[in-house]
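First the structure, in the form of structure tokens, and then the observations on it.
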């Protein structure tokens, strides 16, 4: 193992085989500084460019090795709460790669009827699934969808001659809700959770006023609990003239069983990279289409797509909020979304929510950690009790599974927010439960030293932030 | 495939398994797991028919086949360069494409290192010291910069200045971001397609928090007085935000050297190709604004064994911690596109990047000359250096000319009554002869 054989460019074959993985930076392998000589006058160009210079086989190995230091959905169970990490069907990639779909965003509508037809069909499918009247596909992510929805609410109120200044958001909501509200210039009114983990109607009543532009809710909420009082909540918001927003992060739990539109929501976003199985891509791209009810359709972003007698057209809705993406959104992601929904149909969509909820409930039964709030749907929040939830997560890594989301929502001590999704069968859920339980019975010292079997041992986060080194240039300066 | 017998092919439960699981839970039927009030429950009938995988592929191929097969000479912010097969195959490895944001860095070292290398390449290209690992697109990156400008400013200000020639979609996004931060967007005039320094000097005052310029501009013009823009901005305590892209930056003067505080732009110019406007927002800035950066940053640290390791860092800027006081609401980003951009840049290497950029300068100049040789049309309209694209003036109405060209199989921009715009890159240069011939016929 200490043999010099197999060591080149800092890469140690023997270490790799042992599972002890490390890959030098591109810049540590080979770089080249090229003098710049172009037809432009010298004063308009840089003098030189210094970047990695490697052969295709070297690059193929570099990225392949890096990929082997990364955990994907096909690597093992991925029960990351609130993220809906489901299997990404392979065929959707092939559909997205179709050459006929690779058109420029400025093409005249008459020459891209296929692309616009796909937009129209996906708008229609999503509207049906959410119980909405129309849907925009422009927002490139869930948070961008939230901002879009907030801007629509703002434009709606302003159109009615009202300048409402507040958005009400439950304390347990996703951080993006607060940030999106603030980005559009609203004040955030935080709604404390009730003792049962749901919206407390008295607290809601106290937080609503004629300043309320919007109440943002996710349902089931971040504890996985369905807001039983949703009809009452919708009517309370309506009574003060506010609008009701649905954060689609947890829509997987409701597919084919309940539609936000039927519950009184006026605006919603869909996280297609969660609910509709488009890949998360290591952080993105996703897409955050936004659905609205009839009275809000004039405010949708521009351009919008609709079918006419002579085909599909782009148009600017009458009171449009304008643009939320430079062009038309994350095209490749939208193609995959339509492919997935078409594959599943009514039956598959309703079975998805059934199995997602079945799996969460089955897994919760199998694990030794307490789950304080129930009945939950597609996810549950267990408590690590006196143990640091982050330690639990690190120890789970050694069992070949991805850990749950930790320490959030804060209403549960040392939270382990767990969402197995519908893709696991009983065998893999039993394996996952075994990993939870093995960790639950592990001593504190072992937990504190975990993980031991991953490409890197536990990483010093504080040190990274205290001394930010964000490029190989910064490393060279040391 | 497999033994599932439920409604979704991706929910692999047999009936027996489902029964056993229900029994463990202690309910009879999976419907019993739902307590949705009856008045808002839904029966599942969306009217969407389930189709076999093969059927969906056939259907969607047929639908997209409705698009006309045109050779595109289109740009204006969305560009096509040849993407090597290496990029597709490596980026589609499941360990990359199906993974999540790197909140557990011990099992995400691979992606974190790729993003660190992407950030590093942008640092080299921009001459600025900090690059984030992606925003959605060039337009939202510009919008984020306006909000950053209003936060870092010592005194209050209420305006951002943008050039007369700017993509309307980009301006639209900027207006939405700016409005929320209490800013308005004003225009400064251009002179023959480039920044008019005198006009900018007249427009700017201490109320301006950010000046935006692009090089190349939306019309493909290479700016010649960026340092003067930087000086004007800095004299008024305004941020200088420069728009560009990684290919252009491979040869153009370094933004850091002309006084840019922030560089934004479309980084998917490398790595993605034509994708109906889907992009990758590039964002780089100076050290002094590090804690105001929107989006994710990857930094170096070490693990318990003392070895170098990568991790997301400075997360207290972000929405999941700082909530309404975060620097941005961005969460899901374009990480996988950044991965593609990094692989594409690495596969070109410095020589390949410079060669590609040089072709963008020569190709635009050559096509402009050939277009100018056609009676009834003159090009380039702006007596400037160009990159990838240029504007031409037509005697006939431009929309009609563009329409006739589409009939002949070529897509170009009609940007005004008598202005066309052409973009030429390595992916359409082989069709230049055909375009010139068709154009000669059309304007005859």
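Protein chains in written order, with my numbering: chain X, 20 to 497; chain P, 263 to 706.
The C-beta atom is built at its ideal place from N, Cα and C for all residues, glycine as well.
Here the structure is a predicted model, which means the values were calculated and not measured.
The beta-bridge partner set that DSSP reports for residue 186 of chain X consists of X:207, X:233.
Put simply, the CB of residue 226 of chain X is far from chain P, with every gap to its CB atoms at 8 Å or more.
Within a 10 Å sphere around the beta-carbon of residue 444 of chain X sit 16 or more other beta-carbons, which makes this residue buried.
At a cut-off of 8 Å between beta-carbon atoms, residue 523 of chain P makes no contact with chain X. Residue 667 of chain P has its alpha-carbon roughly 7 Å from the corresponding atom of residue 700 of chain P. Secondary-structure assignment with DSSP links residue 67 of chain X through a beta bridge to X:54.
The alpha helix (DSSP H) runs of length 4 or more contained entirely in the stretch 643–683 of chain P are, from start to end of the chain, 660–669. Assignment of residue 437 of chain X by DSSP, reduced to helix, strand and coil, places it in the strand class. At a cut-off of 8 Å between beta carbons, residue 336 of chain X makes no contact with chain P. Annotation: the continuous beta strand (DSSP E) that includes residue 564 of chain P extends over 560–564. When C-alpha distances from residue 444 of chain P are compared across P:436, P:273, P:281, the shortest belongs to P:436. For residue 506 of chain P, the uninterrupted beta strand (DSSP E) segment begins and ends at 501–506. Of all residues in the stretch 346–366 of chain P, those with a C-beta nearer than 9 Å to a C-beta of chain X are 346, 348, 350, 351, 352, 353, 354, 355, 356, 357, 358, 359, 360, 361, 362, 363, 364, 365, 366, reading in chain order.
DSSP places residue 363 of chain P in the coil class of the three-state scheme, outside both helix and strand. Among the residues of the stretch 644–657 of chain P, those with a Cβ less than 8 Å away from any Cβ of chain X are 647, in the order of the chain.
The bridge partners DSSP lists for residue 685 of chain P are P:651. DSSP places residue 612 of chain P in the uninterrupted alpha helix (DSSP H) bounded by 597–634. Residues of chain P with a Cβ closer than 8 Å to the Cβ of residue 309 of chain X do not exist; the shortest Cβ-Cβ separation is about 14 Å.
Annotation: Cβ neighbours of residue 163 of chain X in chain P (cutoff 9 Å, chain order): 398, 402, 591, 592, 594. Chain order gives the chain P residues near residue 64 of chain X as 513, 514, 515, where near means a beta carbon separation below 8 Å. Within 10 angstroms of the beta-carbon of residue 512 of chain P lie 16 or more other beta-carbons, which makes it buried.
Every alpha helix (DSSP H) stretch that sits fully inside the stretch 371–440 of chain X and reaches 4 residues is listed by chain position as 408–416. Residue 422 of chain P and residue 441 of chain P have their alpha carbons spaced roughly 11 Å apart. The C-beta separation of residue 231 of chain X from residue 183 of chain X comes to about 6 Å, placing the pair in contact by the 8 Å criterion. Secondary structure within the stretch 303–380 of chain P: the alpha helix (DSSP H) runs of 4 or more consecutive residues, fully enclosed, are 315–326, 347–353, 356–359 (chain order). Between residue 318 of chain P and residue 358 of chain X, the beta carbon gap of about 5 Å places them in contact (Cβ cut-off 8 Å). Straight across, the Cα-Cα distance linking residue 429 of chain P with residue 91 of chain X is about 38 Å.
Here residue 706 of chain P carries a coil assignment [DSSP, helix/strand/coil]. Of the candidates X:447, X:451, X:375, X:379, X:451 places its Cα closest to the Cα of residue 412 of chain X.
Residue pairing from DSSP leaves residue 131 of chain X without any beta-bridge partner. Residue 337 of chain P is a Cβ neighbour of residue 650 of chain P, given a cutoff of 8 Å. Residue 149 of chain X sits away from residue 282 of chain X, with the two beta carbons spaced by 8 Å or more. For the alpha helix (DSSP H) assignment, the uninterrupted runs of no fewer than 4 residues enclosed by the stretch 482–555 of chain P are, from N- to C-terminal side, 488–497, 508–511.
Rounded to whole angstroms, the Cβ separation of residue 399 of chain X and residue 437 of chain X is 6 Å, and the two are in contact under 8 Å. Rounded to the nearest angstrom, the Cβ distance from residue 397 of chain P to residue 595 of chain P is 7 Å, consistent with a contact under 8 Å. A distance below 8 Å between beta-carbons, with the five flanking residues on each side excluded, links residue 618 of chain P to the following residues of its chain, in chain order: 343, 509, 512, 610, 688.
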